[in-house]
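J.: When the letters of the sequence shown are read in order and numbered with our numbering, they come out as residues 8 to 254. Using N, Cα and C, we set each Cβ at its ideal position, and we do this for glycine too. Nothing here was measured: the structure is a model prediction, and the numbers come from that model.
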Amino acid sequence: MKTLILGGTREARVLADIASGEQGFDIVSSLAGRVRDPLMPVGAVRVGGFGGVDGLREWLVANEIDTVVDATHPFAGIISANAAAAAAALRLPLVHLRRPGWSAQTGDQWIRVPDLAAAAKTVADLGDRVFLTIGRQGVGAFAGLTRPWFLIRAIDPPEGALPPHHELLLARGPFAVDDESRLLADRRIDVLVTKDSGGDQTEAKLTAARSAGLPVVMVGRPPLPEAAVVMENVAQVWDWLQESAAQ
Ligand code: NAP
Numbered sequence: 008m009k010t011l012i013l014g015g016t017r018e019a020r021v022l023a024d025i026a027s028g029e030q031g032f033d034i035v036s037s038l039a040g041r042v043r044d045p046l047m048p049v050g051a052v053r054v055g056g057f058g059g060v061d062g063l064r065e066w067l068v069a070n071e072i073d074t075v076v077d078a079t080h081p082f083a084g085i086i087s088a089n090a091a092a093a094a095a096a097l098r099l100p101l102v103h104l105r106r107p108g109w110s111a112q113t114g115d116q117w118i119r120v121p122d123l124a125a126a127a128k129t130v131a132d133l134g135d136r137v138f139l140t141i142g143r144q145g146v147g148a149f150a151g152l153t154r155p156w157f158l159i160r161a162i163d164p165p166e167g168a169l170p171p172h173h174e175l176l177l178a179r180g181p182f183a184v185d186d187e188s189r190l191l192a193d194r195r196i197d198v199l200v201t202k203d204s205g206g207d208q209t210e211a212k213l214t215a216a217r218s219a220g221l222p223v224v225m226v227g228r229p230p231l232p233e234a235a236v237v238m239e240n241v242a243q244v245w246d247w248l249q250e251s252a253a254q
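1. Put residue 191 into one of helix, strand or coil per three-state DSSP.
2. Taking Cβ to Cβ, would you say residue 103 is nearer than 8 Å to residue 219?
3. Report the rounded CA-to-CA distance for residue 92 versus residue 252, giving the unit in angstroms.
4. Between the Cα of residue 184 and the Cα atoms of 109, 193, 216, 168, which residue gives the shortest distance?
5. Would you call residue 107 buried or exposed, if buried means 16 or more other Cβ atoms sit within 10 Å of its Cβ?
6. At a cut of 8 Å, does the segment 29-36 reach the segment 79-89 through at least three beta carbon pairs?
7. In or out: residue 238 buried (at least 16 other Cβ within 10 Å) or exposed?
8. Grab me the residues of residue 127's own chain with a C-beta within less than 8 Å of its C-beta, minus the 5 sequence neighbours each way, in chain order.
9. I want to check one thing, is the minimum distance from the CB of residue 70 to the heavy atoms of the ligand NAP below 7 Å?
10. May I ask whether a heavy atom of the ligand NAP can be found less than 7 Å away from the beta carbon of residue 188?
11. Going along the chain, which residues of its own chain have a beta-carbon closer than 6 Å to the beta-carbon of residue 206, five neighbours each way excluded?
12. Between residue 55 and the rest of its own chain, which residues show a CB-CB distance below 6 Å, the 5 nearest in sequence each way excluded?
13. Apart from the five residues just before and just after residue 121, which ones in its own chain have a Cβ nearer than 6 Å to its Cβ?
14. How close, in whole Å, do the beta carbons of residue 28 and residue 8 come, if the pair is a contact with beta carbons under 8 Å?
15. Are the Cβ atoms of residue 162 and residue 146 separated by less than 8 Å?
16. What I want to know is whether the C-beta of residue 242 ends up closer than 7 Å to one or more non-hydrogen atoms of the ligand NAP.
17. Kindly indicate which residue of 203, 143, 231 has the alpha-carbon position closest to the one of residue 175.
18. In whole angstroms, what is the alpha-carbon distance linking residue 75 and residue 98?
19. With a threshold of 16 other CB atoms inside 10 Å of the CB of residue 223, please say whether the residue is buried or exposed.
20. Report the CB separation of residue 229 from residue 138 in whole angstroms; it is logged as a contact under 8 Å.
21. Following the continuous alpha helix (DSSP H) through residue 156, name the residue where it begins and the one where it ends.
22. Using the DSSP secondary-structure output, state which residues sit across from residue 77 in a beta bridge.
23. Is the CB-CB distance between residue 16 and residue 79 below 8 Å?
24. Can you list, in chain order, the residues of its chain with a C-beta nearer than 6 Å to that of residue 73? Leave out the 5 residues immediately preceding and following it.
25. Kindly identify the DSSP beta-bridge partner or partners of residue 33.
Rendered as structure tokens:
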């Protein structure tokens, strides 16, 4: 059974690692090609966009794909929608692997907002020193905020307009709670902005913010396509793939 894993996440790499070694499974992972030095999955990998729904559909046919796993990041909404449309047109089985979002705990001061534009409006009232941990994309939503100072953390430098007062910190998780606490204190952070990515790789900042009594602006996820089949972890998807192969 030939499976396309749409990746760019740790879960996608773990799934490729498990399935690539198994008899009867032919796995191809796909990366968008955004990160300069990506962590590569085991096995066959293709890199770069497909060219929208039509391009993806043609690629699925040309490569004789039987099943598709959308294991992209919870905020990669376009490719998830494209995968749903292309798989539906070809009647291919598709699952979306989505780790659960984060849950607030006692002591958390989270302000949930629907998108980055709302986050930019909200953060202006919460402090003068903002820790922006939303990745490289979307920083432009904060470019019009001329008063606050931003600590912008991303793997690669953001492109396009940036807020005028900022420091750029290039780093890739996972991060430790002690290091995050030190960073919040050193930079005298007033408020943290994050996407609700979920998972344990970048959760330490939330623990650190809770300990420091700082507010967190939590940006909500884009919706998945209607009627999407969603699984929360790699084990569930691997079971599903094995069942599909047995049919
Ligand atoms: P997006 O907005 O949903 O997708 C934009 C375009 O990028 C898609 O239309 C597609 O181009 C291409 N693309 C995205 N993921 C792809 C993949 N796995 N393989 C081939 N092409 C892909 O996605 P994004 O938010 O830019 O994220 C890009 C990649 O980074 C994803 O693979 C995602 O898993 C990873 N990532 C994203 C975030 C985040 O916060 N958004 C965080 C960590 C990792 P075509 O239309 O030309 O096919």
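T.: A quick look at the data gives this:
1. Helix, per DSSP.
2. No, the Cβ-Cβ distance between residue 103 and residue 219 is not below 8 Å.
3. About 22 Å.
4. Considering only alpha carbons, the answer is 216.
5. Label assigned to residue 107: exposed.
6. At 8 Å Cβ cutoff, the stretches do not touch.
7. The residue in question, residue 238, is buried, as its Cβ has 16 or more Cβ neighbours within 10 Å.
8. So the qualifying residues of the chain are 148, 149, 151, 152.
9. No, the beta carbon of residue 70 sits no closer than 7 Å to any heavy atom of the ligand NAP.
10. Not a single heavy atom of the ligand NAP lies less than 7 Å from the C-beta of residue 188.
11. Result list for residue 206: 106, in chain order.
12. The answer, listed in chain order, is 40.
13. Excluding its 5 nearest sequence neighbours in each direction, residue 121 has C-beta neighbours in its own chain below 6 Å: 227, listed in chain order.
14. Under the criterion of beta carbons closer than 8 Å, residue 28 and residue 8 do not qualify as touching, at roughly 14 Å.
15. In this structure, residue 162 keeps its C-beta atom at 8 Å or more from the C-beta atom of residue 146.
16. It does not: the Cβ of residue 242 is nowhere closer than 7 Å to a heavy atom of the ligand NAP.
17. Cα-wise, what sits closest to residue 175 is 143.
18. Taking the straight line from one Cα to the other gives about 11 Å.
19. Here residue 223 is buried: its Cβ has 16 or more other Cβ atoms, across all protein chains shown, within 10 Å.
20. Between residue 138 and residue 229 the Cβ distance is about 23 Å, and since that is not below 8 Å, they are no contact.
21. Residue 156 -> not in any alpha helix (DSSP H); beta strand (DSSP E) instead, spanning 156-161.
22. DSSP output for residue 77 lists 13, 103 as bridge partner(s).
23. Between residue 16 and residue 79, the gap from beta carbon to beta carbon is short of 8 Å.
24. When the five nearest sequence neighbours on each side are left out, the beta carbons in the same chain lying within less than 6 Å of the beta carbon of residue 73 are those of 8, 9, in order along the chain.
25. According to DSSP, residue pairing for residue 33 in a beta bridge involves 9.
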